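Here the structure comes first, spelled out in structure tokens, and everything after it is commentary.
Protein chains: 2
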Amino acid sequence: MEFLDDIKVGARTVLGRHTFTAAEIKAFARAYDPQPFHLDEAAAARSLFGGLCASGWHSVAMWMRLNIDHQQRADAARRARGEPVAELGLSPGFRELKWLKPVHAGDSITYASEVVAIRVSNSRPGWGLITFRNTGTNQSDELVLSFISTTFLQRRPER
Amino acid sequence: MEFLDDIKVGARTVLGRHTFTAAEIKAFARAYDPQPFHLDEAAAARSLFGGLCASGWHSVAMWMRLNIDHQQRADAARRARGEPVAELGLSPGFRELKWLKPVHAGDSITYASEVVAIRVSNSRPGWGLITFRNTGTNQSDELVLSFISTTFLQRRPER
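Chains as they are written, first to last, in my numbering: chain C, 1 to 159; chain W, 1 to 159.
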């Protein structure tokens with residue numbers, strides 16, 4: 001990550017894109033959300049979703065995967081350029097998670113994050129809190145999920 | 001599920017308990033949250049968590065698994081007694097998810113749900129919205145996570 005002091009509210013990052021296959025939708029559902037419309041095409045066709053779709057927990061967990069992959073790639077590039085890398089701290093949680101459209105088998109979801117707030121931590125010197133609005137958008141440009149996350153982020157040591 | 005009309009605010013259900021093994025913590029992390037403190041004991045020992053711990057997305061996905069298992073067991077018992085079963089509808093989302101303590105390898109988490117609000121839907125006749133406060137508590141009786149969920153639930157047909 002960049003240091004807290006070098007980030008501006010409004011900055012938006014496309015984290016990556018993922019296509020959800022039927023096989024991985026069913027594998028996640030068997031482990032964490034075994035409802036018929038996440039497990040079986042015929043049952044899903046009869047359900048209010050009209051077809052096999054991913055657990056909402058699966059579609060949001062994939063945001064986390066692409067977020068981590070993106071941060072790790074960006075940090076490796078910073079190190080390769082000889083630049084310092086800011087440490088990300090704990091996330092106290094998230095809020096306002098909305099599942100707005102189903103994610104069906106074959107859908108490609110583009111995940112992004114936009115900085116919506118930055119503040120210096122009063123309790124932890126050298127750290128601040130950064131708040132993102134995170135989204136997933138499908139191949140028809142429809143928003144399928146959004147949520148707000150906050151995480152601790154290191155401040156620039158020399159400032 | 002019971003029908004919306006038969007549920008009272010304050011009703012609390014223990015959904016079940018799950019012990020997180022190191023192997024499953026790493027398997028979830030490889031797929032959805034590949035950070036060192038979820039993947040590797042030595043790296044985790046050096047991290048601010050002090051030891052291998054589950055992704056927050058893993059600990060909350062397991063709430064969903066135990067919730068579904070509980071509902072399916074309870075519905076099967078209702079059918080065996082010849083009782084009707086209410087249909088659960090879509091969940092528009094979640095709010096106020098808090099990860100309060102790490103879930104370390106070997107921790108046993110008891111998941112529970114408490115009804116905090118019930119209202120009849122104006123837009124969908126025959127349905128209502130039920131809101132739960134969901135929690136996970138470890139073997140030392142410490143709250144490790146909580147969040148608020150809302151979902152559509154069928155009303156009793158004859159009322």
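Using N, Cα and C, we set each Cβ at its ideal position, and we do this for glycine too. These figures come from a predicted structure and were not determined experimentally.
**Message:** I want to know whether the region 26-45 of chain W touches the region 56-65 of chain C - three or more CB-CB distances under 8 Å.
**Reply:** yes
**Cβ-based neighbour list, V14/C, same chain, cut-off 6 Å, excluding 5 preceding and 5 following** = Residue mapping note: residue 14/C aligns to position 14 of the first sequence, counting from 1. Closer than 6 Å at the Cβ level, and outside the excluded window around V14/C, lie A112.
**Prompt:** Start and end of the beta strand (DSSP E) containing H18/C?
**Reply:** By 1-based counting over the first sequence, the position of residue 18/C is 18. Per DSSP, H18/C belongs to the beta strand (DSSP E) from R12 to T19.
**Message:** Considering only their Cβ atoms, is the gap separating G93/W from S91/C smaller than 8 Å?
**Reply:** Counting from one through the first sequence, the residue named residue 91/C turns up at place 91. Counting from one through the second sequence, the residue named residue 93/W turns up at place 93. No, these two residues do not count as a Cβ contact at 8 Å.
**Asked** According to the Cβ coordinates, are V103/W and S59/W closer than 8 Å?
**Response** As a working note, residue 103/W is residue 103 in the second sequence. As a working note, residue 59/W is residue 59 in the second sequence. Yes. Within cutoff.
**Message:** Report the CB separation of F147/W from G89/W in whole angstroms; it is logged as a contact under 8 Å.
**Reply:** For the purposes of this step, residue 147/W is taken as the residue at position 147 of the second sequence. For the purposes of this step, residue 89/W is taken as the residue at position 89 of the second sequence. Actually they do not touch by this definition, with Cβ atoms about 19 Å apart.
**Asked** Terminal residues of the continuous beta strand (DSSP E) containing G93/C?
**Response** Numbered from 1 along the first sequence, position 93 holds the residue referred to as residue 93/C. Segment G93 to W99, the beta strand (DSSP E) holding G93/C.
**Message:** With distance defined between alpha-carbon atoms, name the residue in P84/C, R17/C and L39/C nearest to P157/C.
**Reply:** Residue numbering aside, residue 157/C sits at position 157 when the first sequence is read from its first letter. P157/C has its Cα closest to that of P84/C, out of P84/C, R17/C and L39/C.
**Prompt:** At least one CB of chain W closer than 8 Å to the CB of Y111/C: is that the case?
**Reply:** Position 111 of the first sequence, counted from the start, is the residue given in the question as residue 111/C. No - not a single Cβ of chain W is within 8 Å of the one on Y111/C.
**Asked** Of all the options R81/C, R133/C, V120/C and V144/C, which has the alpha carbon lying nearest to the alpha carbon of F3/C?
**Response** Here residue 3/C refers to the residue found at position 3 when the first sequence is read from its first residue. Taking only the C-alpha atoms, the option nearest F3/C is V120/C.
**Message:** Looking at chain C, is there any beta carbon in it that lies within less than 8 Å of the beta carbon of E96/W?
**Reply:** The residue you call residue 96/W lines up with position 96 of the second sequence. For E96/W, the answer is yes, since a Cβ of chain C falls inside 8 Å of its Cβ.
**Asked** What distance in whole Å lies between the Cβ atoms of L100/W and L39/W, which are believed to be in contact at a cut-off of 8 Å?
**Response** One-based indexing of the second sequence puts residue 39/W at position 39. One-based indexing of the second sequence puts residue 100/W at position 100. The Cβ separation is near 22 Å, so there is no contact.
**Request:** Could you please give me the residues that DSSP links to E2/W through a beta bridge?
**Result:** Position 2 of the second sequence, counted from the first residue, corresponds to residue 2/W. In the DSSP output, where bridge partners are listed per residue, E2/W has none listed.
**Asked** DSSP on R156/W, reduced to helix/strand/coil?
**Response** Taking the second sequence and counting its residues from 1, the one referred to as residue 156/W is at position 156. Three-state result, R156/W: coil.
**Prompt:** If you scan the region 21-65 of chain W from start to end, which runs of the alpha helix (DSSP H) of 4 or more residues do you find wholly inside it?
**Reply:** 22-32, 36-39 and 41-46
**Asked** Of the residues R12/C, A77/C, V116/C and A105/C, which one's Cα is nearest the Cα of K26/C?
**Response** To locate residue 26/C, count along the first sequence from 1; it is residue 26. Here the closest residue by C-alpha is A105/C.
**Request:** Report the option in L143/C, V116/C and S108/C whose CA atom is closest to the CA atom of R133/C.
**Result:** Indexing the first sequence from 1 puts residue 133/C at position 133. When each option's Cα is compared against that of R133/C, the closest is V116/C.
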